[in-house]
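J.:
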Amino acid sequence: MEELRHSLLYTTFELETTLLAAREEITKREYELVHVKDLLSRTIKERDEAQKRCKNLMLEKLMLQEQLQKQQQQQLQLQQQQRQQQQLQQQQQQQQQQRQAASNNEDDSKGTDSSKHFSSSDSEENIISSPGTDPILQPPLPQPLPSQTTLKLVPKRPLPEKGKLLQAVIEAGPLLKNLLLAGPLPQWQHPPPQLNSIEIPPVAISSPTPPLLQQDSCINFNGGFNSKSNSL
1 MEELRHSLLY TTFELETTLL AAREEITKRE YELVHVKDLL SRTIKERDEA
51 QKRCKNLMLE KLMLQEQLQK QQQQQLQLQQ QQRQQQQLQQ QQQQQQQQRQ
101 AASNNEDDSK GTDSSKHFSS SDSEENIISS PGTDPILQPP LPQPLPSQTT
151 LKLVPKRPLP EKGKLLQAVI EAGPLLKNLL LAGPLPQWQH PPPQLNSIEI
201 PPVAISSPTP PLLQQDSCIN FNGGFNSKSN SL
């Protein structure tokens, strides 16, 4: 009986020890499970945060790409505007050069016209300038060069500046009017009889007189010739 009691006590003791060991193992497993759950929750949070960061980075990347595209477009637009401005400036410079060339050509043409006008008025004065002689029988006088006549008629002044030739011609208007006061040559209503070459007296060619004296002689000659024609 005692042996049975000892064996029963021993088995109960072993059963209690196994139960304690099982309980300890269960508590240990539960603790590990809690730790694993904690780690899992932390990893999930880190994953969510990483996803958010990734999304934010993607958005920032897209924003940067859009900004870069806008900057590139703005640079292209600025370059195009600069090119257009340069082209406009070149066109304006070409137009100004063309206008200057056209104005210079007009000034040159007006200068040639005025010189021709001076030469024609000088030739008319040389024909009328000898009073008291018959204009039909008078031999033609040598016409001076246009440059010499212009130097005689126009006072000594510096040449007009470039682009001011028209103003110089306008200022010389009264002189041109004085030169053209004589008008056209009078026509004979009853021409005198023609003389032979033997009867023609020699003509003395006088030196050219100043423009004002020529104008007075022309006026006197016109007045005398008109009175003579009226008497005829």
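Just so we're aligned, residue 1 is where the sequence shown starts under full-length UniProt numbering, counting upward by one.
From the three backbone atoms N, C-alpha and C, an ideal C-beta is built for every residue, glycine too.
(1) Find out if the Cβ-Cβ distance for the pair residue 107, residue 68 is shorter than 8 Å.
(2) Given this structure, state the Cα-to-Cα distance separating residue 54 from residue 31, to the nearest angstrom.
(3) For residue 28 and residue 64, I'd like the C-alpha separation in whole angstroms.
(4) Can you tell me where the alpha helix (DSSP H) with residue 189 in it begins and where it stops?
(5) Hey, how far is the Cα of residue 7 from the Cα of residue 1?
(6) Take residue 91 and list the residues in its own chain whose beta-carbon comes closer than 8 Å to its own, dropping the five residues that flank it on each side.
T.: Straight from the coordinates:
(1) For the purposes of this step, residue 107 is taken as the residue at position 107 of the sequence shown. For the purposes of this step, residue 68 is taken as the residue at position 68 of the sequence shown. It is not a contact, given that the beta carbons lie outside the stated cut-off.
(2) Along the sequence shown, read from residue 1 onward, the residue named residue 54 stands at position 54. Along the sequence shown, read from residue 1 onward, the residue named residue 31 stands at position 31. The straight-line gap from Cα to Cα measures roughly 34 Å.
(3) Taking the first residue of the sequence shown as position 1, residue 28 is located at position 28. Taking the first residue of the sequence shown as position 1, residue 64 is located at position 64. Between residue 28 and residue 64, the C-alpha separation is close to 53 Å.
(4) Against the sequence shown, residue 189 aligns to sequence position 189. Here residue 189 belongs to no alpha helix (DSSP H), and DSSP marks it neither H nor E.
(5) Here residue 7 refers to the residue found at position 7 of the sequence shown. Here residue 1 refers to the residue found at position 1 of the sequence shown. Taken atom to atom, the span from the alpha-carbon of residue 7 to that of residue 1 is near 10 Å.
(6) Here residue 91 is taken as the residue at index 91 of the sequence shown, counted from 1. Correct list: empty, nothing qualifies.
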